[in-house]
Structure formats: C-alpha cells, structure tokens
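As numbered in our numbering, the sequence shown has no gaps in its residue numbers, which increase by one up to the final residue, 153. Ideal Cβ positions, reconstructed from N, Cα and C, are used throughout, including at glycine. Just so it is clear, the structure is predicted and the values come from calculations on it, not from any experiment. The structure appears below as structure tokens.
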Amino acid sequence: MTRSAALAAHDAGWHPVKIPKGKKFPPETGRTGYKGRNRVRGELLTEDWSDSSLGVRMPPDVIGIDLDVYNGGELGPLEAEYGPLPTTAMSTARNDGSGIRFYRVPVGTMLTTAIPPGIEIVQYFHRYAVVAPSTNPKV
Numbered sequence: 015m016t017r018s019a020a021l022a023a024h025d026a027g028w029h030p031v032k033i034p035k036g037k038k039f040p041p042e043t044g045r046t047g048y049k050g051r052n053r054v055r056g057e058l059l060t061e062d063w064s065d066s067s068l069g070v071r072m073p074p075d076v077i078g079i080d081l082d083v084y085n086g087g088e089l090g091p092l093e094a095e096y097g098p099l100p101t102t103a104m105s106t107a108r109n110d111g112s113g114i115r116f117y118r119v120p121v122g123t124m125l126t127t128a129i130p131p132g133i134e135i136v137q138y139f140h141r142y143a144v145v146a147p148s149t150n151p152k153v
C-alpha cells in the first residue's frame, strides 16, 4: 500500500521519502535538506516500499506548521499577533489538535524553523512530514 500512496503523493506534486516502517526517523539519505534529490516517477515504480513508512518533502510552494499541543504548542498567540490562519489540510495521528497543517506560500519563502515551544515550520529545505498510511510509533 505504501508504494501506491507514494505514487499518489508524487502525482499530486509532493516528494516521497522513505522512512523506516513504524518510525518517524531517520529519512533516507540524500532525499531531504537543501541538497535533497526528489524522486522521479520511474523510481517509485521499481522501488520496494514494503518496509517503509511514507514521508513527504514539501513542494517549494508549501510549508507545514507542525503544532505539538502535547508539548505546549498553541496557535493562539501567533494568530493574535499575525492574524488567523485559514482552514487547511492537516496530517495527524493524534486527537488533541496536534499535527502538521499545510499552507501554500510563494516559492522561495524561508521562515524561521523553530518558533514558540511546541511549534516548528516544515519547509522544502528543512524537515519532512510523515503521512498516511504511515503510523506514529508514539500514538
């Protein structure tokens, strides 16, 4: 199932990254960061994903706001300062409001990666999101 999910992510413009099955780290070498190389569709068709969870590297015009409510994260203070965030898609394995919310931004946007406690920014050049059908080993 993960190969089909990786193909679907790729076809939707996301960049699949293999993560060890049942884990959130480490990502495979060479697929993340400033010098990360994105897969081409042909690679996905021939690779074995049976022992992998699915991570996605953000497209260059998307950021993720990773809110960890269980770790003290809250959006209220940020929204009070900068305005409310629009409703968006979110990847989560929790039911407490934690998760990565995805937003479109202009290509080339570079935000501070760590803001208040419990919040991090996921960007093309920094981090990745573990997404369904993967499972979170801590939940």
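Anticipated Cβ contact below 8 Å, residue i with residue j, distance rounded
| i | j | result |
| --- | --- | --- |
| LEU58 | HIS24 | 6 Å |
| GLY87 | GLY132 | 2 Å |
| ALA22 | TRP63 | Actually they do not touch by this definition, with Cβ atoms about 12 Å apart. |
| SER66 | LYS38 | Actually they do not touch by this definition, with Cβ atoms about 12 Å apart. |
| ILE77 | THR16 | Contact flag wrong, Cβ pair sits at about 24 Å. |
| VAL145 | LEU68 | 6 Å |
Counterpart residues of residue i in DSSP-defined beta bridges
| i | result |
| --- | --- |
| HIS29 | ARG71 |
Straight-line gap, residue i to residue j (C-alpha atoms, nearest Å)
| i | j | result |
| --- | --- | --- |
| PRO151 | VAL121 | 33 Å |
| THR102 | GLU61 | 31 Å |
| GLU134 | ALA143 | 11 Å |
| VAL153 | ARG141 | 20 Å |
| ARG71 | GLY97 | 27 Å |
Continuous beta strand (DSSP E) stretch holding residue i: start and end
| i | result |
| --- | --- |
| VAL119 | Unbroken run through VAL119: none, as it is neither H nor E. |
| ILE135 | 133 to 136 |
| VAL144 | 143 to 145 |
Enumerated in chain order, which unbroken segments of the beta strand (DSSP E) with a length of 3 residues or greater are wholly contained in the stretch 74 to 113? Listed in chain order, they are 76 to 81.
What are the uninterrupted segments assigned as beta strand (DSSP E) that are 3 or more residues long and contained completely in the stretch 33 to 81, given in chain order? 66 to 71 and 76 to 81
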